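In our numbering, the protein residues as written are 40 to 607.
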């Protein structure tokens, strides 16, 4: 025991857990049996596990963690292999600053910290919990002591090919590495963890001395795992095998896809491989095909916003456009509209890359450029198949834009997505693709611009009083926002939200309703005039709708500012 470290008995005396007589009797028994003091106290029922663990934490100058009150963070669990966790009876809890916090029942083994540090390859901090809580925590973290379930329940047609990322490594060696347990286990674990956390993207990034894996969770990239650089070749090879890519080719970018199942849920992964200085970077886009379908009333939009979208969807023909950056929920909004339209009296067809939601009653088509099935060619075929409603996954080029507009002019209702920063900018985006403004005015029913904000964690959000000056966000039309002082919330952080302050996401919108005659006419003029007229007609901008979420306590001003800029 180090000099100056308090004896366990002294701590228990000071806390009033033991009397001096009980301590003296226990110490006398310790001299006879050679047992540890804590073991004797537990056996005699003089202390409980929690009191002993808290005293041990104080004795060794570490934190006490009550594992019974919250579950270990899955991202932390991914850092420590199950065999090491079981061997040392150690539960990864969460990330603290740049270190991993690990709970153990016995902090007296001074070699544990060093050996765990070697196992995870990053700084760590020990904490103490009760022995029973550690056993239960291991079961929660690793599935009753087993490794995390592999998400790869089904891989269609994976070709057993290999690649060489190091000139000295032969194809046979890479094949063995890619199919070996370390690479397979690591890839399965990161995919499993990312799907469990509902991540939208997974970035596997080789660096000089390690491979870092980051997942985009609730719209923000977060490091979830890392491993030694010696596995870089095998990891990229494994991912390329899964996605049926040319594994012998490592000099040019490649794109592929793989379908997997996780806990019975079908999930599509779009795979992009890019050569870098330190190896091949692999980015996987995660698409949850069986996500629960929601109607417009369940998307959290304001009642007037939902009403405007419903009016546009109930027209017999025309276009409804959802715009925004990748991952802003555009397809979810359009599928909520399709859910409203879906009936036996309508023929509804979709063409997507890939199909994101499987819905009964819809004819859904995946684009396949290698086979010649593009958005443009597929859309031409669909128009010869007597549809009433079309969903075009994305307008990417002028040819697709022209065909979609022609379909709307000839009596079809067309739903589509577009990459644009705002509703008005969507008009400019279509004109850049060669669509005449007069055609836009004649065909588009409404344009929806949307974003996703992280939802404040209800367990730890921190209230504060916001003044009217703090909320002068209506800079789009130069008018101050007239609001009284009110209570808003900031992100704080707790174990249930992995100390981020946020859990889940919520959408906010702006809707340019082109069913209004004045706005339809102004589409052909300067965009500034269209924007001003839309504001005069009651357009709620993205900034204003984001503030609505802040006032309702769903997100924070900092989060809205992060997404839409400083106009909030």
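Ideal Cβ placement from N, Cα and C applies to all residues, glycine included.
Predicted model, so just to flag it, every value in this text is computed and none were measured.
If only complete runs of 4 or more residues are kept, the region 256-322 shows the alpha helix (DSSP H) at 271-281, in order along the chain. Taking a contact to require three or more Cβ pairs closer than 8 Å, the region 534-541 and the region 566-576 do not qualify as touching. By the C-beta density criterion, residue 59 is exposed, having fewer than 16 other C-beta atoms within 10 angstroms. Residue pairing by DSSP places residue 488 opposite 362, 549 in a beta bridge.
For residue 181, the enclosing alpha helix (DSSP H) covers residues 170-181. The region 368-379 and the region 483-495 touch, with three or more beta-carbon pairs separated by less than 8 Å.
Scanning its chain for C-beta atoms nearer than 6 Å, with the 5 sequence neighbours on each side dropped, one finds around residue 295 the residues 282, 283, 284, 310, in chain order. For residue 164, the uninterrupted beta strand (DSSP E) run begins and ends at 163-167, by DSSP. Under the Cβ criterion (8 Å, minimum of three pairs), the region 345-356 does not count as touching the region 526-533. Within the region 109-145, the complete alpha helix (DSSP H) runs of at least 4 residues fall at 113-116, 121-127. A distance below 6 Å between beta-carbons, with the five flanking residues on each side excluded, links residue 456 to the following residues of its chain, in chain order: 361, 369, 433. Counting C-beta pairs with one atom in each stretch, the region 134-150 and the region 101-110 have three or more that are closer than 8 Å, which means they touch. In terms of Cα proximity to residue 340, the closest of 396, 65, 591, 137 is 591. Between residue 414 and residue 492, the C-beta spacing is not below 8 Å.
Annotation: residue 240 is outside any alpha helix (DSSP H); the continuous beta strand (DSSP E) that includes it extends over 240-245.
Residue 417 carries a helical assignment under DSSP once its states are collapsed to helix, strand and coil. Between the alpha carbons of residue 420 and residue 388 lies a gap of roughly 11 Å. Counting C-beta pairs with one atom in each stretch, the region 172-182 and the region 105-122 have three or more that are closer than 8 Å, which means they touch. Following the DSSP letters along the chain, one finds residue 403 inside the beta strand (DSSP E) bounded by residues 402-405.
Annotated three-state conformation of residue 234 is helix, per DSSP. With a contact defined as Cβ atoms closer than 8 Å, residue 494 and residue 593 qualify at about 6 Å.
Bounds of the beta strand (DSSP E) holding residue 431 are 428-431.
With 16 or more neighbouring CB atoms inside 10 Å of its own CB, residue 320 falls in the buried class.
The secondary-structure analysis by DSSP pairs residue 388 across a beta bridge with 402, 429.
Annotation for residue 457: the continuous beta strand (DSSP E) segment containing it runs 452-457.
Cα atoms of residue 230 and residue 465: separation of roughly 35 Å, rounded to the nearest angstrom.
If you draw a straight line from the Cα of residue 439 to the Cα of residue 534, it comes to about 47 Å. Remark: three or more beta-carbon pairs, one from each stretch, lie closer than 8 Å, so the region 467-484 and the region 442-452 are flagged as touching. Under the three-state reduction of DSSP, residue 408 is assigned to helix.
DSSP lists 166 as the bridge partner or partners of residue 102. Counting along the chain, the unbroken beta strand (DSSP E) around residue 502 starts and ends at 501-505. Contact between residue 553 and residue 578 does not hold, since the beta-carbon distance rounds to 11 Å and is not under 8 Å. When the five nearest sequence neighbours on each side are left out, the beta carbons in the same chain lying within less than 6 Å of the beta carbon of residue 402 are those of 388, in order along the chain. In the three-state reduction of the DSSP assignment, residue 94 falls in the helix class, which pools H, G and I. Taking C-beta atoms as the reference points, residue 94 and residue 54 count as a pair closer than 8 Å.
For residue 353 and residue 427, the gap between their C-alpha atoms comes out near 12 Å.
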